[in-house]
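Just below is one structure, and these are the notes that go with it.
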Amino acid sequence: MYWFWYIRELMVVPISILSLSSVVCIVKLYLYIAKHIKSVSGYIEQSRLKDERSLLRAITMQGLLPLLSSTPALWMIYIGSLGKDADNWKVMLQSFSIGPFEIIAPFVNMSITLMSWNPVIDPLLTLFCVRQYRQVFVGWLRKFYYKTNIGQWLKMEAVSSTVYPL
Numbered sequence: 001m002y003w004f005w006y007i008r009e010l011m012v013v014p015i016s017i018l019s020l021s022s023v024v025c026i027v028k029l030y031l032y033i034a035k036h037i038k039s040v041s042g043y044i045e046q047s048r049l050k051d052e053r054s055l056l057r058a059i060t061m062q063g064l065l066p067l068l069s070s071t072p073a074l075w076m077i078y079i080g081s082l083g084k085d086a087d088n089w090k091v092m093l094q095s096f097s098i099g100p101f102e103i104i105a106p107f108v109n110m111s112i113t114l115m116s117w118n119p120v121i122d123p124l125l126t127l128f129c130v131r132q133y134r135q136v137f138v139g140w141l142r143k144f145y146y147k148t149n150i151g152q153w154l155k156m157e158a159v160s161s162t163v164y165p166l
């Protein structure tokens with residue numbers, strides 16, 4: 001038996017510790033900011049309070065997204081590397097598609113896909129959660145819509161594609 005066999009087995013421990021520590025940090029950050037918002041809620045106006053709450057939602061979602069998207073994929077990679085032979089990765093993938101693990105396989109595939117789309121999803125979360133960014137983006141879309149005459153083209157398409165009853 002090789003000495004590095006035990007090192008590869010112990011690689012699962014840092015993954016679980018990092019996962020738990022990141023969850024604890026995200027929860028602590030959320031509670032700290034929520035406590036701050038609650039303490040200053042009597043001193044600031046309601047629009048500012050809504051902005052801070054939307055910022056809190058965006059920060060929390062951005063913190064949870066890498067955790068939710070990368071942890072299952074990392075678990076799969078490290079569990080697959082626990083075997084003594086090089087074919088253990090293939091055996092593990094086959095075991096995900098057979099028997100009781102058949103339910104887990106789509107989730108693992110989805111997490112790998114999410115991990116690759118993380119740089120795209122992160123700014124979209126910010127755009128849709130933070131109200132100021134959302135208002136600027138919608139204003140920009142409206143300006144683009146009216147300046148490029150796409151609105152008139154869409155209205156003509158809608159009128160010309162109507163079907164009248166016989």
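Here the sequence shown stands for residues 1 to 166, numbered as in UniProt numbering.
A virtual CB, placed ideally from N, CA and C, is assigned to each residue, including glycine.
What did DSSP end up calling residue 139 once you bin it into helix, strand or coil? helix
If I'm right that residue 49 touches residue 37 with Cβ under 8 Å, what's the distance once you round it to whole angstroms? 7 Å
Going by Cα to Cα distance, which pick from 33, 58 and 31 is closest to residue 123? 58
Coil, strand or helix - residue 145 by DSSP: helix
Is the beta carbon of residue 55 sitting closer than 8 Å to the one on residue 125? no
Should residue 115 and residue 41 be called a contact, given that it needs their Cβ atoms to be closer than 8 Å? no
Using a Cβ-Cβ cutoff of less than 7 Å, which residues in the same chain neighbour residue 51 once the five nearest sequence positions on both sides are dropped? 131 and 132
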